[in-house]
Amino acid sequence: MITPNDDVLDGKYLNAFMHTRYIQKYFENNASGSGQRYTLSNETIFQIPILLPSLEVQKAIGNLLSNIDRKIELNRQINDNLPMLGRSSTMVKVHRAA
């Protein structure tokens, strides 16, 4: 687990940064192993090239992307419940018709 120094790096920003294609490429280029098992050395992890805007900008970016992630998750939950809602209204219509 990577824990940021809060005086220099915002956690939400770091989380968003770690999910970028930029960092995925870095891991792909620095991983060792074969097949489906790859590892990253401690040195590789400690040398991750993190783009560091000011802490204020990091917080703004981190909060914005975190809010978007929350909304996406909420929409997924709503979408997962739509089939259940459809069955409920069908059951209600059938029940009323009887």
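Each residue of the sequence shown is one higher than the last, beginning at 146 in the working numbering.
Just so you know, even glycine gets a beta-carbon here, dropped at the ideal spot from N, CA and C.
Keep in mind the model is a prediction, meaning the values are calculated, not measured.
Between Q181 and F172, what straight-line distance do the alpha-carbon atoms span, to the nearest angstrom? 14 angstroms
Residue from D152, D151, T148 and A161 whose Cα sits closest to the Cα of S215: The sequence shown places Arg at residue 215, not Ser. Among D152, D151, T148 and A161, the Cα nearest to that of R215 is on A161.
Just tell me which of Y183, D152 and I193 has its CA closest to the CA of T165. I193
Of the choices N220, V202 and Y183, whose alpha-carbon is the least far from that of D155? V202
Mapping DSSP to helix, strand and coil, what is T165? coil
With DSSP collapsed to three states, give me the class of S199. coil
According to DSSP, residues forming a beta bridge with Y183: G178
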